[in-house]
């Protein structure tokens with residue numbers, strides 16, 4: 001028993017020492033609740049009841065291994081993807097090579113898609129959640145990013161395992177003057193996440209953001225931005241334009257969406273002037289040619305590390321009222 005205890009203690013100390021040498025960081029959230037529908041009356045579990053691991057990473061001085069989302073697995077059909085990023089500029093600097101403002105990062109692993117660089121402010125989470133951007137489809141892609149200060153960043157990626165389609169992506173973003181940024185991107189084998197399809201002819205796109213408050217030295221926040229992606233083979237265009245404004249405890253945004261000929265408009269205002277409390281109102285006008293209006297509102301309160309929220313929507317076309325009480329812990 002004594003030898004077993006000593007071996008166990010030694011193993012624990014080895015693991016602890018490795019964690020000190022290579023910091024482990026886990027971020028994510030757990031959210032649970034109910035969806036109450038009143039047309040007819042029905043109660044269901046909230047569709048986002050899940051433990052969502054945004055990222056799990058282990059970092060050294062010159063590298064980072066990141067694991068994103070879902071169940072940890074590494075087969076071809078894994079929903080979870082792992083990526084190793086190597087910061088060559090830092091490694092070379094440690095060897096006495098003066099890199100100046102130049103940065104160089106190489107990333108590789110079983111990440112299925114590689115998104116081209118963009119500068120859209122994404123106020124509604126449309127790009128981040130739904131991928132309305134240039135996305136190279138692949139399985140085992142390698143990406144190289146080269147940057148020069150805040151002036152220019154370029155990205156090139158390729159999947160050498162797909163010898164049939166030979167997917168690659170090239171993109172760049174720049175901030176020519178403080179307050180104005182732009183980006184362009186192209187891939188020859190594109191994932192169209194909106195229609196869950198692949199465009200074998202590729203896609204190209206661009207984005208721009210203008211920080212009006214910074215340029216005009218305003219005492220309130222104001223920015224405008226846009227992003228556009230065109231799928232060459234499908235001949236489909238997706239465009240987003242966003243306006244963001246803020247003053248003290250009030251923040252608001254409006255986003256216009258043009259998805260393959262269908263126009264939508266979303267607007268939201270949030271007030272957070274009460275301690276630990278946030279309230280909002282949201283209006284969604286879907287398909288402006290045949291408007292289907294949804295009115296939303298909600299409130300949240302943080303206490304003891306837990307966010308208690310109540311969100312509600314009312315669809316004018318069907319007179320359907322939906323309430324979603326939920327609790328969320330973010331780590």
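Numbering (this note's numbering), first residue to last: 1 to 331. Glycine is no exception: its CB is placed at the ideal position from the N, C-alpha and C atoms.
Under the three-state reduction of DSSP, which class applies to residue i: helix, strand or coil?
i           : result
residue 128 : helix
residue 199 : strand
residue 119 : coil
residue 75  : Any answer about residue 75 is weak, because its pLDDT of 42 lies below 50 and its placement is not dependable; what the coordinates show is given next. Coil, per DSSP.
residue 228 : strand
residue 90  : helix
residue 322 : strand
residue 213 : helix
residue 218 : coil
residue 278 : strand
residue 289 : helix
residue 114 : strand
residue 105 : strand
What is the C-beta distance between residue i and residue j, in whole angstroms, given that I count them as a contact (C-beta under 8 Å)?
i           : j           : result
residue 327 : residue 32  : 6 Å
residue 106 : residue 88  : 6 Å
residue 292 : residue 317 : 5 Å
residue 279 : residue 299 : 4 Å
Are the Cβ atoms of residue i and residue j separated by less than 8 Å?
i           : j           : result
residue 134 : residue 171 : yes
residue 240 : residue 126 : yes
residue 301 : residue 276 : yes
residue 207 : residue 190 : no
residue 245 : residue 222 : yes
residue 121 : residue 242 : yes
residue 110 : residue 140 : yes
residue 137 : residue 167 : yes
residue 153 : residue 108 : no
residue 181 : residue 187 : no
residue 322 : residue 84  : no
residue 101 : residue 149 : yes
Nearest chain B C-beta to residue i closer than 8 Å, yes or no?
i          : result
residue 84 : Although the question refers to chain B, the structure presented lacks it and comprises just one protein chain.
Provide the residue(s) that pair with residue i in DSSP beta bridges, ordered along the chain.
i           : result
residue 168 : 158
residue 302 : 307
residue 207 : 183, 227
residue 97  : Looking at the DSSP assignment, residue 97 forms no beta bridge with any residue, so it has no partner.
residue 174 : 152, 182
residue 191 : 198
residue 254 : 243, 267
residue 259 : 238, 262
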